[in-house]
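Chains V and H supply the protein sequences, listed in that same order.
Using the numbering used here, read the first sequence as starting at 73 and increasing by one per residue.
Using the numbering used here, read the second sequence as starting at 9 and increasing by one per residue.
Cβ coordinates follow ideal geometry from the N, Cα and C atoms, glycine included.
Written out below as C-alpha cells is the structure these notes cover.
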Amino acid sequence: MHNVMKRGGAVVFLLVLFIIWEAVVWWRDIPMWLLPAPSAIIAEGYRSFGDFSVHILATTKLTLLGLTIGASIGFIIALLLHRMPLINQMVYPLLILSQNVPTIVLAPLLIIWFGFGLLPKLIIISLVCFFPIVVAMMDGLKNTDPTLKHYMQMIGANRGQTFWKLELPYAMPSLFSGLKIAATYSVMGAVISEWLGAKQGIGVYMTYAQSSFRIDRVFVAIFAIMLLSMALFALIQLIERMIVKGQTREV
Amino acid sequence: MLLEITDLSKNFGATEVLQHVNLQVADGEFVAILGPSGSGKSTLFQLIGGIITPTAGEILLNGKAISGEKGHISYMPQQASLFPWRTVLQNVVLAQEIQSKANYTQAEDWLERVGLAQFKEAYPIELSGGMKQRVAFIRALLSEQNLLCLDEPFSALDEFTRLDMQNWLLSVWEAHPRSVLFITHSIEEAIYLADRIIILSKRPAHIKEEIKVPFARPRHPAMLATAEFIALKQHIFAQMETRKTND
Numbered sequence: 073m074h075n076v077m078k079r080g081g082a083v084v085f086l087l088v089l090f091i092i093w094e095a096v097v098w099w100r101d102i103p104m105w106l107l108p109a110p111s112a113i114i115a116e117g118y119r120s121f122g123d124f125s126v127h128i129l130a131t132t133k134l135t136l137l138g139l140t141i142g143a144s145i146g147f148i149i150a151l152l153l154h155r156m157p158l159i160n161q162m163v164y165p166l167l168i169l170s171q172n173v174p175t176i177v178l179a180p181l182l183i184i185w186f187g188f189g190l191l192p193k194l195i196i197i198s199l200v201c202f203f204p205i206v207v208a209m210m211d212g213l214k215n216t217d218p219t220l221k222h223y224m225q226m227i228g229a230n231r232g233q234t235f236w237k238l239e240l241p242y243a244m245p246s247l248f249s250g251l252k253i254a255a256t257y258s259v260m261g262a263v264i265s266e267w268l269g270a271k272q273g274i275g276v277y278m279t280y281a282q283s284s285f286r287i288d289r290v291f292v293a294i295f296a297i298m299l300l301s302m303a304l305f306a307l308i309q310l311i312e313r314m315i316v317k318g319q320t321r322e323v
Numbered sequence: 009m010l011l012e013i014t015d016l017s018k019n020f021g022a023t024e025v026l027q028h029v030n031l032q033v034a035d036g037e038f039v040a041i042l043g044p045s046g047s048g049k050s051t052l053f054q055l056i057g058g059i060i061t062p063t064a065g066e067i068l069l070n071g072k073a074i075s076g077e078k079g080h081i082s083y084m085p086q087q088a089s090l091f092p093w094r095t096v097l098q099n100v101v102l103a104q105e106i107q108s109k110a111n112y113t114q115a116e117d118w119l120e121r122v123g124l125a126q127f128k129e130a131y132p133i134e135l136s137g138g139m140k141q142r143v144a145f146i147r148a149l150l151s152e153q154n155l156l157c158l159d160e161p162f163s164a165l166d167e168f169t170r171l172d173m174q175n176w177l178l179s180v181w182e183a184h185p186r187s188v189l190f191i192t193h194s195i196e197e198a199i200y201l202a203d204r205i206i207i208l209s210k211r212p213a214h215i216k217e218e219i220k221v222p223f224a225r226p227r228h229p230a231m232l233a234t235a236e237f238i239a240l241k242q243h244i245f246a247q248m249e250t251r252k253t254n255d
C-alpha cells in the first residue's frame with residue numbers, strides 16, 4: 073500500500089512536469105524544430121508507431137543479446153578474480169581503465185576493426201555493462217558475513233563448499249544491483265552502437281530524425297529508450313524477487 | 009573419555025593466550041567453561057574446531073589426535089549464523105550437508121519434536137532472536153559428530169529469553185543426551201546447565217578450578233533460589249575476583 077503511494081507520487085510528479093513543459097511550449101510559442109510539446113511527441117509516436125516498432129524490436133534484441141553476453145563475462149571475471157587474488161591485483165586496474173575510454177571514441181575504432189556487423193556492437197554493449205557487474209559481484213563476494221564464514225570453517229566446510237553454499241548466494245543481491253545498472257547502460261550502449269552503422273534500431277531512427285530536423289521524432293526515440301530501460305529494469309527486479317529469498321524487500 | 013585435551017598452549021606471536029590447559033569431557037557429560045571476556049575461550053574452541061593449530065599440547069577425540077583437523081565437532085556459535093536465503097528446514101540440514109548428506113525426514117522429525125514444525129518454511133528474517141538460536145541448536149544437534157560445542161549461545165539474548173532458552177536446552181538435552189562443551193561468561197548459566205564447571209583465568213588462560221556441580225537432574229528454575237546455589241555462585245564469583253588481583 074505504502075509502495076503504491078510512493079509510485080503514485082512519482083507518476084503525479086512526472087505528469088506535472090509534462091504539463092509545465094506543454095504550457096511553456098504553448099505560452100512562449102516555441103517552434104516544433106526547437107522543442108516540441110509533449111502532446112506533439114505523443115501524437116507523432118502514435119502516428120509513426122508502425123514504422124518505428126521495427127526499430128524498437130531490433131534495439132531490444134540487440135540489447136538483450138549484448139546484456140546477456142556482457143553480464144556473463146562480468147560474472148565470470150568476478151568469480152575468477154575473487155578466486156585468484158594475485159591476478160586480481162594485476163587485472164583490476166586495467167578493468168577500471170577500460171571504463172575510462174569514452175564509448176563514443178571507441179565505437180568508430182571497433183567498426184574500423186570489425187566492420188559493420190553484429191560483433192562490434194556486441195563488444196560495445198558488453199564493454200559498458202560488464203563493469204558494474206564485476207564491481208558489484210566482487211563486493212558481494214568479498215563482504216560475505218565473517219560470522220557466517222567462521223561458522224562454515226568451524227563445521228569443517230572446505231573452500232568449494234564455502235563458495236557454493238555461502239559466498240555465491242550471499243553475493244546474489246549485489247549481483248542483481250549490478251545487473252540493474254548494467255541493464256540501463258546496455259540500452260544506451262545499443263543505441264550508440266547503432267548510430268555508427270546499422271540498418272535498423274532506435275539509434276538509426278534517431279540519426280535520420282536528427283538530420284531531417286524532426287525533433288519530435290528524436291523525442292519519440294528518447295522516450296522509447298527510457299521505456300525500454302524501465303522495462304528491462306523491471307524484468308530484472310522480477311527475476312530478483314524469484315531468485316533472492318529471505319531478504320528485506322527494501323530497494 | 010570423549011574429549012581429552014592435554015597441556016594445550018597457544019601463542020599468537022608474543023602473546024600467550026592459552027597456557028597448559030588440561031580438560032576432559034566424558035560421554036554424555038555437560039561441561040561448562042567459565043571465564044571473563046577475552047580469556048581465550050573462543051581460541052580454545054577454534055583449536056578444537058581445527059581452524060588454528062596449537063603451539064603445544066594435544067587434542068584427542070575418541071583417542072584420535074584432531075589438532076588442526078576440521079569437521080570433527082558440532083558447533084553452535086554466539087550469533088545464530090543462519091543463512092538468510094534458506095528456510096528453517098534448509099538451515100537445520102546445513103551442517104549435515106557439509107559432512108555428508110542432508111536428511112530432511114530426520115530434520116522435520118526434530119523440528120516437530122521441539123515445537124518448531126510450523127516455522128519450517130519460514131526464513132530467518134521472520135524469526136525472533138530466541139527462535140533463531142533454537143534453530144541453530146537443532147542444526148548443531150543434527151550433525152553427526154559426538155561432541156557439541158556451544159560458544160556463548162545465549163549471550164546475545166535478553167534476560168527473559170535467555171532463561172526460557174536455558175530451560176528449553178535442558179529439556180531437549182535431557183531427553184537426548186550428547187556430550188556438550190559450553191562456553192559462557194555467566195556464572196548462573198554455568199551452574200544451572202552443567203555437570204562440571206571449568207574456570208579459566210584471565211589471559212594467559214589456564215585452568216584455576218574445576219567444580220563438580222552438586223545438583224541432581226532434571227533441573228528446575230526453583231534451584232536458582234536455593235541457598236546451596238547461591239553459596240556456589242558466591243564461591244565462583246570470589247574465585248574469579250581474587251584471580252584478578254593475584255594474577
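Proximal residues to residue i (C-beta, below 6 Å), its chain only, five neighbours per side dropped
| i | result |
| --- | --- |
| H184(H) | none |
| A88(H) | K140, Q141, A144 |
| I331(V) | Because chain V spans 73 through 323 in this model, residue 331(V) falls outside it and cannot be assessed. |
| F127(H) | V96 |
Contact check, residue i vs residue j, beta carbons under 8 Å
| i | j | result |
| --- | --- | --- |
| Y257(V) | V200(V) | yes |
| L268(V) | I184(V) | no |
| L150(H) | V100(H) | yes |
| H193(H) | P92(H) | no |
| S187(H) | L155(H) | yes |
| L16(H) | L69(H) | no |
| L90(H) | A213(H) | no |
| I41(H) | K49(H) | yes |
| A243(V) | L220(V) | no |
| F53(H) | D203(H) | no |
| M104(V) | I287(V) | yes |
| Y277(V) | H127(V) | yes |
| I199(H) | F237(H) | yes |
Residue nearest to residue i in terms of C-alpha spacing, selected from the options
| i | options | result |
| --- | --- | --- |
| Q309(V) | S246(V), R100(V), N160(V) | S246(V) |
| I56(H) | G46(H), K210(H), T14(H), G138(H) | T14(H) |
| E94(V) | I227(V), P108(V), I287(V) | P108(V) |
| S249(V) | D217(V), A270(V), F305(V), R289(V) | F305(V) |
| N215(V) | S198(V), I196(V), F235(V), M226(V) | F235(V) |
| R119(V) | M244(V), R289(V), M224(V), V276(V) | R289(V) |
| R227(H) | E249(H), W176(H), A40(H) | W176(H) |
| S82(H) | H214(H), F190(H), I60(H) | F190(H) |
| V221(H) | S75(H), E37(H), F53(H) | E37(H) |
| I227(V) | F168(H), R170(H), C157(H) | C157(H) |
| T114(V) | F291(V), M224(V), V88(V) | Note that residue 114(V) corresponds to Ile in the displayed sequence, not to Thr. Minimum Cα distance to I114(V) is reached at F291(V). |
| L167(V) | P110(V), S198(V), A293(V) | S198(V) |
| L165(H) | S179(H), P132(H), R225(H), Q86(H) | Q86(H) |
| G146(V) | P180(V), I128(V), A255(V), G81(V) | A255(V) |
| E167(H) | E182(H), W181(H), E196(H), L178(H) | E196(H) |
| A303(V) | S283(V), Q319(V), K252(V), V276(V) | K252(V) |
| W181(H) | F162(H), L201(H), L240(H) | L201(H) |
| A64(H) | R94(H), T23(H), K18(H), M84(H) | K18(H) |
| K133(V) | S284(V), Q272(V), I315(V) | Q272(V) |
| I315(V) | R94(H), K72(H), I67(H) | R94(H) |
Cut-off 7 Å between Cβ atoms - residues of its own chain near residue i, not counting five sequence neighbours on either side
| i | result |
| --- | --- |
| R321(V) | With a pLDDT of 47 at R321(V), under the threshold of 50, the modelled position of that residue is not reliable, and the figure given next carries that caveat. So no residue of the chain qualifies. |
| G187(V) | none |
| I176(V) | I264 |
| A208(V) | S246, L247, S249, G250 |
| R147(H) | N99, V100, L102, A103 |
| I297(V) | V259, V263, I274 |
| T279(V) | W267 |
| R251(H) | At R251(H), the pLDDT of 48 sits below 50, so the modelled position is not reliable and the matter cannot be decided from this model. |
Close-in-space but distant-in-sequence residues of the same chain around residue i (CB under 8 Å, 5 per side omitted)
| i | result |
| --- | --- |
| Q107(H) | G79, S151, E152, Q153 |
| G46(H) | K210, R211 |
| I159(V) | L152, L153 |
| L178(V) | I196, L199 |
**OP:** Using a Cβ-Cβ cut-off of less than 7 Å, list which residues of the segment 125-141 of chain V approach chain H; keep chain order.
**Re:** none
**OP:** With 8 Å as the C-beta to C-beta threshold (strictly closer), list the residues of the segment 101-119 of chain H near chain V in chain order.
**Re:** L102, A103, E105, I106, Q107
Original post:
Of the residues that make up the segment 240-273 of chain V, which ones have a beta carbon closer than 7 Å to any beta carbon in chain H?
Top reply: P241
Original post:
With a cut-off of 8 Å, do at least 3 Cβ pairs link the segment 222-240 of chain V to the segment 201-210 of chain V?
Top reply: no
Original post:
Hey, is the segment 192-199 of chain V in contact with the segment 251-265 of chain V, meaning 3+ C-beta pairs nearer than 8 Å?
Top reply: yes
Subject >> Interface residues of the segment 118-148 of chain H facing chain V [CB-CB below 8 Å] >> reply: Y131, P132, I133
Original post:
Do the segment 32-48 of chain H and the segment 117-135 of chain H make contact, defined as three or more Cβ pairs closer than 8 Å?
Top reply: no
**OP:** Answer yes if the segment 159-175 of chain H comes into contact with the segment 128-138 of chain H, meaning at least three C-beta pairs across the two stretches below 8 Å, and no otherwise.
**Re:** yes
**OP:** Taking only beta carbons into account, state which residues of the segment 45-67 of chain H come closer than 8 Å to chain V, listed in chain order.
**Re:** F53, Q54, G57, G58, I59
Subject >> chain H contacts from the segment 199-231 of chain V (Cβ-Cβ distance under 9 Å) >> reply: D217, T219, L220, H222, Y223, M224, Q225, M226, I227, G228, A229, N230
Original post:
In the segment 271-295 of chain V, which residues sit with their C-beta less than 9 Å from some C-beta in chain H, listed in chain order?
Top reply: none
Subject >> Near-chain V residues of the segment 68-85 of chain H - C-beta to any C-beta below 8 Å >> reply: K78, G79, H80, I81, S82, Y83, P85
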